[in-house]
Every structure is written in structure tokens, then in C-alpha cells.
Ligand code: ZN
Ligand code: ZN
């Protein structure tokens, strides 16, 4: 990639980084993406699911490639100390989605200016990945019927792997995530008269402990599941037994059968603990956020791999194996009926990895670095952004007719 294009992408990135927008409020970001696509000759549709943007560029007949970037930032106060830090209090691009947007704009530019490919490129700028809702919302807004059907969906996520490397895991790559709000109903009263109440705090405590047995006692050692109670809320005062208690529960799984069983177990345990305590009614379970396992297509990954190796060098595309992170990009690919290739874009300062041996050595350094969502997380701009652009362009060209 030429230095002028890299500088433009860095400039776009720093601007996005300074002006982060949370899920479904990515108005400014969407405007920047839409304007860039329109200037490049894409046919652009805006306002999909509120802030989503798609752009279509056809150059003769050939395969169709969807390139996807998510746009939303997080409610995290930035603590990176970067000169281009967030100007919005309490909001920052702690997950690096600004990298994805800047790289997709750069890739759209490079493909639009080239005349040596045939086919159709669709740039998809998605809102609200962090809520695991944006992809579903774009599908519900009807984009599959309106857009050319993809032969492949391509996307990337910046990660604290060394800049100048990529991660590619063919098959199950990232976990399904399911987030539930559980409201336990008791009967409140005076703290000195528990016999006149049904104490939801005690039900919550028993429920939290019993939920741990889903992984420890119900899941085979050869299967993977995580169940976390991330929040417990009940009560206001020492001597009042409250009416209700609320748990926020998150489950991660890879295998759909394990997922079904874990979700059924959560429901069973939550209900049974309430029943055991004589609760006046069964708890309410609301599935607030959910996205399926991200399963990259094995054949499509092999088709894309040489393009990624061409960017970072042979032996520098590694397989970190399945990770418990989650992504809703799979929803787009499934709805469009296309295979997906999704890779990790190394963004951590390579100097931090001096002396690290193999994947195990790299993994131990990664474990010591701020991860995505940390107030201190930030990728290095160079060569991360140029690599992200080149990876999108290169993998797209692996499908487009040359
Ligand atoms: Zn994230
Ligand atoms: Zn993310």
C-alpha cells in the first residue's frame, strides 16, 4: 500500500478514535463511511437498522464479496494517554472497531481505484456489534433481499497479537454468547422476621452456587462451556428483606447442542431454586443479548490464507485456536447463506513480544497485555492499519475474477 493511502487511513482512524459513538448511535461514523463510499463510486444505502451503511461496487460480472466492519464504541473511559484519545467522556473505541471502519474505507478506496478485477464488492458497515444486535437488526431491515448475494463474507477483528501477524482459526473460532436477565421474586418484609418472608437474596445466593455446577458437574471434560454471573442486585438496607433479586448471567459455548443444554440447565436451576424456597412465582428470564458461534468456513479459510500470508509473510498467520470471545458477524453470513472468513488482525507493539517462542510464548505475552475492552487497550497504528487494508483487499481478490 502506498504511503499516501496509509496516511489517509491513519488520519481517518485517529478521527474516528477521537469521536467514538456507542451502539446504534454511530451517526457520525456512518456518515464518514457513507461519504467515502459515495465519493468512490459505490451505490450507497444509509440508515439501515438506524445507522448501518452498505455500499455496492460492481465491475463486470463475477463473484460477490461482502466486506464487513462493525462501527460501535464502548461505554469505557479511555486511559491510553494517546494524543488522539476519545473526546467523549465515558466512551471510547476500547474494542478497536475504529480500526475496522478505517481499514474498510481504505480497502474500498484501493478496490475502487483498481481496474484489474471483475465482480461485486459490498462494503457493510454494521452498528451495535457490542450488543450482539446490529447484524440481526440489519438482516431484519431486509438487506439480504436488497443486496447482491455474497459468495463469501470477509471480516476482521484487531487483537493484541503482535502487529505484523494474523490469527486464522478454520472452523469454530469464537463462542456463542447468551446473556440473560434473571429476576427472582420473593416476598419482602422486616429483616427481623424472616419467617414472614421469602428471601430472594438467599434464593439468589443458592442459584448462583448451583449455576456453577452446569460447567463443573454437567459438562463433559471434552466439551467447552462458561457460565458467569456478572451482576447481582437486591435490597437497599440491612434490615429489609427485599421483594426481588436480579442476576445477570452470561453463557459461552461452541457446540450448538452444548449451548441448548446449558441454556436449559440455567432455566431449570433458576426455576427449581425458586420453587425450593417456596417463592410466590417462578423467576423471569429474559435473553437480552445472544449471538451464535462464529464458525469460519474451512475451505474458504484455505482460499484466503495465501492472501493473508502475502500481507504479513509466511509463518506469520497463526492459529490461536477457539477463543471465548464472541461476534455477531456470523448472523450476517448465515442469513446471506454464505461462508465466512474472519481473522484476527495483530495490533500489539511487536517489541513487546521479543523473545516469545511460538504460539505458547505469544499467548503468554498476550495474557499480560490490556485486552480489547480495557480502558488501556490500543493497537499501534503502523503497520496494523495498512495490514488490515491489505488483508481485506487481498482476501477479496481471492474471490474476485482477476
Ligand atoms: Zn468488543
Ligand atoms: Zn469487537
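Numbering (our numbering), first residue to last: 44 to 445.
We put the CB at the ideal spot given by N, CA and C, even for glycine.
Could you spell out where the beta strand (DSSP E) holding residue i opens and where it closes?
i	result
residue 118	Premise fails: residue 118 is in no beta strand (DSSP E) and is neither H nor E.
residue 226	219-228
Given residue i, which residues of its chain have a CB within under 7 Å of its CB, disregarding the five upstream and five downstream residues?
i	result
residue 241	229, 230, 320, 321, 322, 323
residue 306	221, 294
residue 313	225, 250, 326, 328
residue 102	160, 161, 162
residue 310	328
residue 308	257, 261
residue 421	123, 125
In or out: residue i buried (at least 16 other Cβ within 10 Å) or exposed?
i	result
residue 238	exposed
residue 208	buried
residue 400	exposed
residue 199	buried
residue 176	buried
If I follow the unbroken alpha helix (DSSP H) through residue i, where does it start and stop?
i	result
residue 410	401-411
residue 266	Counting along the chain, residue 266 falls outside any alpha helix (DSSP H), and DSSP gives it neither H nor E.
residue 314	299-319
residue 44	Residue 44 -> no alpha helix (DSSP H), and no H or E assigned at all.
residue 431	427-440
residue 96	Not the alpha helix (DSSP H): residue 96 falls in the beta strand (DSSP E), residues 95-102.
residue 479	The structure shown does not extend to residue 479, since the chain spans only 44 to 445, so no value can be given for it.
residue 352	341-355
residue 74	70-82
residue 179	177-183
residue 188	186-189
residue 375	372-379
Using a Cβ-Cβ cut-off of 6 Å (strictly less than) and excluding sequence neighbours within five positions of residue i, which residues of its own chain qualify?
i	result
residue 98	80, 85, 87, 166
residue 219	296, 302, 335, 336
Take residue i and list the residues in its own chain whose beta-carbon comes closer than 8 Å to its own, dropping the five residues that flank it on each side.
i	result
residue 351	209, 211, 360, 386, 434, 437, 438
residue 213	339, 340, 341, 344, 345, 362
- Taking contact to mean at least 3 C-beta pairs separated by less than 8 Å, is the stretch 67-74 in contact with the stretch 93-102? Output reads yes: the stretch 93-102 touches the stretch 67-74.
Do the stretch 429-441 and the stretch 215-230 touch if we need at least three Cβ pairs shorter than 8 Å? The stretch 429-441, when compared against the stretch 215-230, does not touch it at the 8 Å Cβ threshold.
Exercise for the section: Flag this pair as touching only if the stretch 181-193 and the stretch 365-380 have three or more C-beta atom pairs under 8 Å; answer yes or no. Expected result: The stretch 181-193, when compared against the stretch 365-380, does touch it at the 8 Å Cβ threshold.
If you measure from each CB to the nearest heavy atom of ligand 1 and keep those under 7 Å, what residues do you get, in chain order?
Chain-ordered list of matching residues: 117, 138, 172, 173, 415, 416.
Original post:
Three or more C-beta pairs closer than 8 Å, one from the stretch 362-372 and one from the stretch 327-339: is that the case here?
Top reply: Result yes; three or more Cβ-Cβ pairs closer than 8 Å.
Using 8 Å as the threshold, is the stretch 106-117 in touch with the stretch 136-154, meaning 3 or more CB pairs across them?
The stretch 106-117 vs the stretch 136-154: in contact.
Q. Between the stretch 60-71 and the stretch 115-122, do at least 3 Cβ pairs fall closer than 8 Å?
A. With the cut-off at 8 Å, the stretch 60-71 and the stretch 115-122 touch.
Any chance the stretch 396-410 sits against the stretch 168-182, with 3 or more Cβ pairs inside 8 Å? No contact exists between the stretch 396-410 and the stretch 168-182.
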